[in-house]
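So the structure is just underneath, and the comments pick up after that.
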Ligand code: PDD
């Protein structure tokens, strides 16, 4: 069934939506994006996503295409027009169309594209069984804190995981795990949650922030530091967080079972807490 998508001011059936071949998102991956999740037809943690969008735009000296309020209105309009109960809204801003030149164009108008994806987030079957990941070298650029559409390394990592019979990849650099292909990575050892500290080496996940706040409120000990692949394989539990998976247990790393090889109690509890809080945040 055709969706209605948003492109630079217009709501259109997806097959009628057009972007220029000169769009710098297409030519240079000169664009940034956000994915906000939707539960019961309402946006979750959207303010955090819009704050990070603004930061990504600032880091690249890219003008904002619209105010946060206008962007949120478009997100909600698409949710309504496409009857999305559960899933996500993707939004992308690029520097716009200009003749190909490495220098930033002076007067390009940023392009704004949004579309919805309907799918179950809460009843994701992987939440019950847990995911398997493989470890791969992190070959990405050094500004992973900017959420750019330059995702080829992540796409290669995910494809390699799929071809190896796994669900996802955790990437490592200089002997330490950075993050998952499209999520933040965590291990649990002796009751302590360990996840890499914030820097330019990883994306500053909006779900990470919310989940760490919940863990803290519940009195779970947290260490924000880099951890090694060996620590990960030897952990009692592992999990990932993202807007599209919330909290998702990881039960196998490079073929080794983590803990009992089933979703651990801390990951399971954090998933429940996150979903409860998300649903609470949209209660009228
Ligand atoms: N990915 N790290 C990377 C590399 C990511 O791509 C993502 C999100 C995250 C988690 O961030 P957040 O909690 O704000 O979603 C961490 C999105 C979901 C995607 O690309 O589809």
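In my numbering, the protein residues as written are 210 to 493.
Note that CB positions come from ideal geometry on N, CA and C, so glycine has one too.
Because the structure is a prediction, the values reported are computed rather than measured.
Local Cβ density within 10 Å of residue 390, reported as buried at 16 or more and exposed below that
Residue 390 comes out buried.
For residue 340 and residue 429, I'd like the C-alpha separation in whole angstroms.
Approximately 23 Å, taken between the alpha carbons.
May I have the straight-line CA-CA distance separating residue 319 from residue 218, to the nearest angstrom?
Answer to the nearest angstrom: the Cα atoms are 12 Å apart.
Contact the region 390-402 vs the region 411-428: 3+ CB pairs below 8 Å
Yes, the region 390-402 touches the region 411-428.
Is residue 388 near the ligand PDD, in the sense that its beta carbon is under 7 Å from a heavy atom of that ligand?
Yes, the beta carbon of residue 388 sits closer than 7 Å to at least one heavy atom of the ligand PDD.
Among 489, 379, 422, which residue has its Cα nearest to the Cα of residue 431?
Nearest in C-alpha terms to residue 431, of all of 489, 379, 422, is 422.
Check whether the Cβ atoms of residue 244 and residue 297 sit closer than 8 Å, and answer yes or no.
Less than 8 Å separates the beta-carbon of residue 244 from that of residue 297.
Whole-angstrom distance between residue 348 and residue 321, CA atom to CA atom
Straight through space, the alpha carbons of residue 348 and residue 321 are spaced by roughly 28 Å.
If you drop the 5 nearest sequence neighbours on each side, which residues of the same chain put their C-beta closer than 7 Å to that of residue 345?
The residues 366, 369, 378, 380, in chain order, have a CB closer than 7 Å to that of residue 345 in the same chain once the five nearest residues on each side in sequence are set aside.
Nearest-angstrom Cα separation, counted from residue 264 out to residue 240:
If you take the alpha carbons of residue 240 and residue 264, they lie about 13 Å apart.
Per the contact definition of three or more C-beta pairs closer than 8 Å, is the region 441-458 in contact with the region 330-337?
As far as the Cβ criterion goes, the region 330-337 touches the region 441-458, which means the pair count is three or higher.
Residue 291: which of 306, 238, 222 sits nearest, CA to CA?
Per the Cα distances, 222.
Residue 248 to residue 477 span [Cα, whole Å]:
Between residue 248 and residue 477, the C-alpha separation is close to 19 Å.
Comparing C-alpha positions only, which one of 465, 229, 325 sits nearest to residue 439?
Sorting 465, 229, 325 by C-alpha distance to the C-alpha of residue 439 places 465 at the top.
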